[in-house]
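Using this note's numbering, read the sequence shown as starting at 380 and increasing by one per residue.
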Amino acid sequence: MSWFGTPCETGLWNHKGMATQSRPQMTEEEYLELERKADFRSEFVRGEMYAMAGGSLRHGRAIMNLGMLLGTQVASGDCSAFPSDVRVRTRQTGAHVYPDISVVCGKPEVVGNAADTLLNPKVIVEVLSPSTSDYDHGTKFALYREIPSLSDYIMVHINEAYIEQYTRQADSTWILHEYRDMNSALRIPSIGCEIALEQVYRGVFELPAPEEAVKHPRPANL
């Protein structure tokens, strides 16, 4: 994913990234009302709304590659792959986030009548950007673990051939599988998929590398 907000529960952020005055936290209903009218996407975490920035060429190519590969492999069964404009809500904290790719098996469960927010992804994929790697490994993974249906959380690096796959166990612990060999394959038994790393990274490293993380991200409402 790509974004330019960081969780900040105590105040506003100015143009220098410094906290200013405190303000009431936004409700989930207020977020959804604003988000459904907005021209750009924002995530909602712990009462704060964060705008998402555009991704790099490598980021976009990796999402396209893996999305097409997953979509093709699950098409013959009861699973469906969804792109990054499909929002996901977490159960306990009520966060609303946009995974790069979501896979749902069986009937999609959604929030309300709008049918624009998913509740039951089976697999979630995030393609990492320099500015979001820590967030995707930490806060966002913690949010995703709230989703009972989630069996696999996959993070794809774009500055090297490296994929991290966390798989939920029966006791709710998570096991990490790492893939670095371009001749190996990403295996996702929960949805019956096996994808060669060479296919995931096809054309990615021929594109310019993204810039380093921004130092002073800020929330969406400034």
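Cβ atoms here follow ideal geometry from the backbone N, Cα and C, with glycine treated the same way.
| Check | Outcome |
| --- | --- |
| Element boundaries [alpha helix (DSSP H), containing S512] | S512 to H516 |
| V506 beta carbon less than 7 Å from that of H556 | no |
| Same chain, Cβ closer than 6 Å to E573, neighbours up to 5 away in sequence not counted | A564 and R566 |
| Buried versus exposed call for F584 [16 or more other C-beta atoms within 10 Å across all chains shown] | exposed |
| Residues bridged to V483 [DSSP beta-bridge criterion] | S459 |
| Beta-carbon spacing of V424, A474 below 7 Å | yes |
| Assigned exposure category for F419 - 16 Cβ within 10 Å defines buried | exposed |
| 7 Å Cβ cutoff, Y558 in contact with chain C | Absent from the structure: chain C. Only one protein chain is present. |
| Environment of I503 [buried if 16+ CB atoms lie within 10 Å] | buried |
| Assigned exposure category for I554 - 16 Cβ within 10 Å defines buried | exposed |
| Nearest residue (CA-CA) to L497, options T451, A549, S463 and M534 | S463 |
| Residues bridged to E422 (per DSSP) | Y429 |
| Cβ-Cβ distance between I533 and C458 below 7 Å | no |
| Between the CA atoms of S421 and E414 - distance to the nearest angstrom | 7 Å |
| Buried/exposed call for E577, threshold 16 Cβ in 10 Å | exposed |
| Nonlocal neighbours in the same chain, by C-beta distance under 6 Å from M561, ignoring five residues either side | A540, L576 and E577 |
| Residue nearest to K486 in terms of C-alpha spacing, selected from A460, V476, P509 and Y477 | A460 |
| Delimiting residues of the beta strand (DSSP E) encompassing T546 | I542 to R547 |
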